[in-house]
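Colleague: Each protein sequence line maps, in turn, to chains G and D.
When the letters of the first sequence are read in order and numbered with my numbering, they come out as residues 4 to 86.
When the letters of the second sequence are read in order and numbered with my numbering, they come out as residues 60 to 331.
Okay, handing you the structure first.
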Amino acid sequence: MKLLDFLKGERKKSASVAKERLQIIVAHQRGQRDQPDYMPMLERELLEVIRRYVKVDQDAINISLDRDDDCSVLELNVTLPRS
Amino acid sequence: MAKIIVVTSGKGGVGKTTSAAAIATGLALRGNKTVVIDFDVGLRNLDLIMGCERRVVYDLVNVIQGDAGINQAMIRDKRVENLHILPASQTRDKDALTSEGVEKILDALVEDFDYIVCDSPAGIERGAQLAMYFADEAVVVTNPEVSSVRDSDRILGLLSSKTRRAEQNRDPIKEHLLITRYNPSRVDGGDMLNLDDICEILAINLIGLIPESEAVLRASNQGIPVTHDQKSDAGQAYTDTVSRLLGETVPLRFHEYQKKGLLSRVFGGGRR
Ligand SMILES: Nc1ncnc2c1ncn2[C@@H]1O[C@H](COP(=O)(O)OP(=O)(O)OP(=O)(O)O)[C@@H](O)[C@H]1O
Ligand SMILES: [Mg+2]
């Protein structure tokens with residue numbers, strides 16, 4: 004087994020895969036951290052409305068709130084399927 | 060005025076109770092009047108780790124509901140002077156734990172003690188939120204594992220928003236990272252997240268590193284917090300952690316993989 008690994012070249016160590024995954028997860032979680040409590044609900048309901056018209060997946064919708072000094076911008080990204 | 064320290068993690072089974080007991084014991088051994096409170100209503104464990112399960116008469120909920128005074132419910136540790144345990148209730152429903160009730164208890168204890176250590180239940184629900192709500196400092200217990208690190212990050216989010224200090228815009232809770240069940244040999248082999256990676260991802264101050272150790276199970280079997288086992292790696296690592304909590308600078312130990320040499324293989328090595 005060891006020899007096989009050696010011949011195939013260095014296999015990526017599982018710990019470094021773990022680190023890469025965590026960096027993405029944590030960045031995502033921190034993005035959501037400062038958002039108001041209604042955001043998940045808003046996201047769900049928006050998805051429902053969109054689905055009445057277009058068939059999209061759960062993860063096709065991406066919503067975020069960016070706060071500047073004097074105003075907030077609600078950004079909604081929906082990936083529509085090729086028709 | 061006592062400092063209130065919550066030991067929390069999000070994920071279950073990572074070593075919160077082990078750490079709360081070991082840290083409280085260490086603080087008391089250093090001469091601080093300390094009480095450790097079990098917030099895990101319905102699933103109390105701390106009494107077993109502290110070895111006082113047969114002396115539990117009243118519990119946290121009894122005190123909140125006025126069935127017992129705080130001094131009746133607190134158990135004096137048999138081994139360490141200045142160390143007290145406030146057990147959680149075993150049977151009652153979780154709603155018995157109220158924010159007002161917890162506040163009243165902590166207010167009463169803060170006058171008398173130097174340190175109040177709160178052992179949080181797992182999860183991010185009410186019990187965990189109540190355990191952290193009044194804290195001044197937090198020890199976030201993390202295992203070198205993806206799910207544990209993710210949950211720790213969620214807990215950090217709660218600490219900075221859903222706590223008294225956050226809500227009153229006071230200085231934020233001081234957050235400390237405690238990595239437990241660390242296995243240097245697996246880290247060396249590339250199959251376990253290493254110390255630096257975890258610190259980089261969570262980006263909070265490292266207060267200690269506890270190796271995966273046989274001494275921990277031995278300690279819990281006996282009901283003697285592992286801090287008392289000063290021959291063991293885990294016991295020494297918790298003592299270091301307590302020193303750092305007290306503001307001292309202590310070098311990190313037990314994080315490097317020691318390849319066993321012939322001599323230590325023959326004689327069994329120094330570490331247990
Ligand atoms: N450093 C360690 N080395 C070996 N085993 C450990 C170590 N720390 C904790 N354990 C073991 O892990 C298990 C869980 O520990 P503990 O009860 O302290 O976790 P917990 O976070 O309080 O769990 P829960 O979320 O259920 O309250 C126990 O069996 C304990 O003995
Ligand atoms: Mg526990």
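The C-beta atom is built at its ideal place from N, Cα and C for all residues, glycine as well.
As the structure is a prediction and not an experimental result, all values here were calculated from the model.
By the 10 Å Cβ neighbour count, where 16 or more other Cβ atoms means buried, how is Met44 of chain G classified, buried or exposed?
Modeller: If you number the first sequence from 1, residue 44 of chain G lands on position 41. Classification for Met44 of chain G: exposed.
Colleague: Is Thr239 of chain D near ligand 4, in the sense that its beta carbon is under 6 Å from a heavy atom of that ligand?
Modeller: The ligand content of the structure shown is limited to ligand 1 and ligand 2, which means ligand 4 is not among them.
Colleague: Considering Cα atoms alone, identify which of D:Arg114, D:Tyr316, D:Pro146 and D:Asp126 is closest to Ala246 of chain D.
Modeller: On the second sequence, residue 246 of chain D is found 187 positions in, with the first residue counted as 1. The sequence as given places Val at residue 246 of chain D; Ala does not occur at that position. Taking only the C-alpha atoms, the option nearest Val246 of chain D is D:Tyr316.
Colleague: Rounded to the nearest angstrom, what separates Asn253 of chain D and Asp126 of chain D at their Cα positions?
Modeller: Counting from one through the second sequence, the residue named residue 253 of chain D turns up at place 194. Counting from one through the second sequence, the residue named residue 126 of chain D turns up at place 67. Their backbone Cα atoms lie some 48 Å apart in a straight line.
Colleague: Mind checking Ala61 of chain D: buried by the 16 CB within 10 Å criterion, or exposed?
Modeller: As a position in the second sequence, residue 61 of chain D is number 2, starting the count at 1. The residue in question, Ala61 of chain D, is buried, as its Cβ has 16 or more Cβ neighbours within 10 Å.
Colleague: Of all the residues that make up the stretch 12-26 of chain G, which are near chain D by a beta-carbon distance shorter than 8 Å?
Modeller: Lys16, Ser17, Ala18, Ser19, Ala21, Lys22, Arg24, Leu25 and Gln26
Colleague: So is the beta-carbon of Asn280 of chain D under 6 Å away from any non-hydrogen atom of ligand 2?
Modeller: Indexing the second sequence from 1 puts residue 280 of chain D at position 221. Asn280 of chain D Cβ: outside cutoff for every heavy atom of ligand 2.
Colleague: Please classify Cys74 of chain G: is it buried, with 16 or more other beta-carbons within 10 angstroms of its beta-carbon, or exposed?
Modeller: As a position in the first sequence, residue 74 of chain G is number 71, starting the count at 1. Cys74 of chain G is exposed by the Cβ-count criterion.
Colleague: In its own chain, which residues sit with a C-beta less than 7 Å from the C-beta of Ala79 of chain D, not counting the 5 before and 5 after it?
Modeller: The residue labelled residue 79 of chain D in the question sits at position 20 within the second sequence. Excluding residues within five positions, the ones whose Cβ falls inside 7 Å are Val66, Val95, Leu105, Val176 and Asp178.
Colleague: Identify the continuous beta strand (DSSP E) that holds Ala63 of chain G and give its terminal residues.
Modeller: What you label residue 63 of chain G is simply residue 60 of the first sequence in a count that begins at 1. No beta strand (DSSP E) contains Ala63 of chain G, which DSSP labels as neither H nor E.
Colleague: Since Leu252 of chain D meets chain G, which of its residues come closer than 7 Å, beta carbon to beta carbon?
Modeller: Position 193 of the second sequence, counting from 1, holds the residue named residue 252 of chain D. The answer, in chain order, is Ala18, Ala21 and Lys22.
Colleague: Compute the distance between the beta-carbons of Thr93 of chain D and Tyr174 of chain D, then report whether it is under 7 Å.
Modeller: Here residue 93 of chain D refers to the residue found at position 34 when the second sequence is read from its first residue. Here residue 174 of chain D refers to the residue found at position 115 when the second sequence is read from its first residue. Yes, the pair counts as a contact, with Cβ atoms nearer than the cut-off.
Colleague: Just checking Thr82 of chain G against ligand 2 - is the residue's beta carbon closer than 6 Å to any of the ligand's heavy atoms?
Modeller: As a first step, residue 82 of chain G must be located in the first sequence, where it is residue number 79. Not so, every heavy atom of ligand 2 lies at least 6 Å from the Cβ.
Colleague: Measure the beta-carbon distance from Tyr241 of chain D to Ile269 of chain D and round it to whole angstroms, keeping in mind my assumption that it falls under 8 Å.
Modeller: Numbered from its first residue, the second sequence carries residue 241 of chain D at position 182. Numbered from its first residue, the second sequence carries residue 269 of chain D at position 210. Correct: roughly 7 Å between the Cβ atoms.
Colleague: For the stretch 45-70 of chain G, enumerate the residues whose C-beta is nearer than 8 Å to any C-beta of chain D, in chain order.
Modeller: none
Colleague: Tell me whether Lys75 of chain D counts as near ligand 1, meaning its Cβ is closer than 6 Å to at least one heavy atom of that ligand.
Modeller: The residue given as residue 75 of chain D occupies position 16 in the second sequence. Result yes, Cβ under 6 Å from ligand 1.
Colleague: What first and last residue would you give for the alpha helix (DSSP H) that runs through Lys194 of chain D?
Modeller: By 1-based counting over the second sequence, the position of residue 194 of chain D is 135. The displayed chain sequence assigns Ala, not Lys, to residue 194 of chain D. Looking at the DSSP string, Ala194 of chain D is not in any alpha helix (DSSP H), and its letter there is neither H nor E.
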